[in-house]
Structure formats: structure tokens, C-alpha cells
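Novice:
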Amino acid sequence: MPKKKQPKEFEQLAEALMAGKQGAALSIVRSRLNDSFTHEFQKYVWEGWERALRRNEPDALIVDLLNGLPAKKAKEFHKDLKKKRSEILIRDHTKKALSNYYLESWVSLLDAYCSLSSSKK
Numbered sequence: 145m146p147k148k149k150q151p152k153e154f155e156q157l158a159e160a161l162m163a164g165k166q167g168a169a170l171s172i173v174r175s176r177l178n179d180s181f182t183h184e185f186q187k188y189v190w191e192g193w194e195r196a197l198r199r200n201e202p203d204a205l206i207v208d209l210l211n212g213l214p215a216k217k218a219k220e221f222h223k224d225l226k227k228k229r230s231e232i233l234i235r236d237h238t239k240k241a242l243s244n245y246y247l248e249s250w251v252s253l254l255d256a257y258c259s260l261s262s263s264k265k
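Count the sequence shown with my numbering and you get residues 145 to 265, in order.
(1) Out of E201, S261, Y245, point me to the one whose CA is closest to K217's CA.
(2) Quick one: complete alpha helix (DSSP H) runs, 4+ long, within the segment 172-208?
(3) Using a Cβ-Cβ cut-off of 6 Å (strictly less than) and excluding sequence neighbours within five positions of M162, which residues of its own chain qualify?
(4) Tell me, to the nearest whole angstrom, how far the beta carbon of A256 is from that of E191; I am working on the premise that it is less than 8 Å.
(5) Could you tell me how far apart the beta carbons of V189 and Y246 are, in whole angstroms, since I believe they sit closer than 8 Å?
(6) Straight-line CA distance for K264 to A169?
(7) Given this structure, state the Cα-to-Cα distance separating S270 from W193, to the nearest angstrom.
(8) In the DSSP assignment, find the unbroken alpha helix (DSSP H) run with K219 in it and report its ends.
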């Protein structure tokens with residue numbers, strides 16, 4: 145089964161993060177926040193990314209990506225979030241939006257980041 149094509153904004157954000165360009169990453173996130181969202185959980189993710197990047201929060205995964213998180217570690221996070229997304233869909237149908245929108249946004253960003261890091265090898 146071929147990989148699902150990621151939306152352009154995830155690829156752009158992953159490129160900016162991988163290059164360590166905080167300003168570019170913030171610009172991409174803020175631009176996306178000006179668009180509409182399918183679900184409020186998507187907006188929550190992008191707002192969280194904006195806040196973490198703006199504050200340069202040391203415990204935020206997105207800041208770790210900005211600071212050059214090793215590809216191996218990024219792949220572990222990617223795998224863990226995909227697993228968590230699936231577990232939520234199976235075990236608790238009331239959390240479907242969390243899985244399909246919030247976690248899916250993270251999975252999409254990490255997928256783009258991991259793809260970029262693989263292509264740079």
C-alpha cells in the first residue's frame with residue numbers, strides 16, 4: 145500500500161524544523177492558523193506548536209525537532225503515536241476525534257520529518 149501524501153504544510157514545517165529555522169517554522173504555523181480547520185482538535189495542535197516554538201519550550205517535541213532530534217528518536221515517536229492513535233480507535237470510540245485529528249496531525253508532521261531525514265542520508 146503506498147504511503148499517503150502528506151499535506152504541503154506538514155512537509156514545509158518539517159523542512160523548516162529540520163533546517164533549524166525557527167522563524168520560518170513559526171511563519172508556516174501562523175499561516176496555517178489563519179486557515180480553516182476540519183476539526184477543533186487540529187487547531188489545538190497548531191496553536192500548541194505556535195506557542196511552543198514562540199516560547200522555545202525545552203520540553204516540547206516540536207522544539208526537539210527544531211533542535212535536530214536524531215532520526216532514530218523521531219521514528220520512535222512516530223511509531224509510538226501511530227500505535228497510540230490505533231489503540232484509541234480500537235478501545236474508546238468516544239475519543240475518535242482525538243485520534244483522527246490531534247494525533248493524526250502529529251503523525252503527519254513526524255512522517256514528513258522522518259521522510260526528510262531518510263532522504264538526507
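By construction, the Cβ of each residue, glycine as well, lies at the ideal position given by its N, Cα and C atoms.
Computed from a prediction, not measured in an experiment: that's the story for all the values here.
Specialist: On the basis of the data shown:
(1) S261
(2) 184-199
(3) L260
(4) Actually they are not in contact, since the Cβ atoms of A256 and E191 sit about 19 Å apart, beyond 8 Å.
(5) 6 Å
(6) 19 Å
(7) Residue 270 lies beyond the stretch modelled for the chain, which goes from 145 to 265, so this question has no answer here.
(8) 215-235
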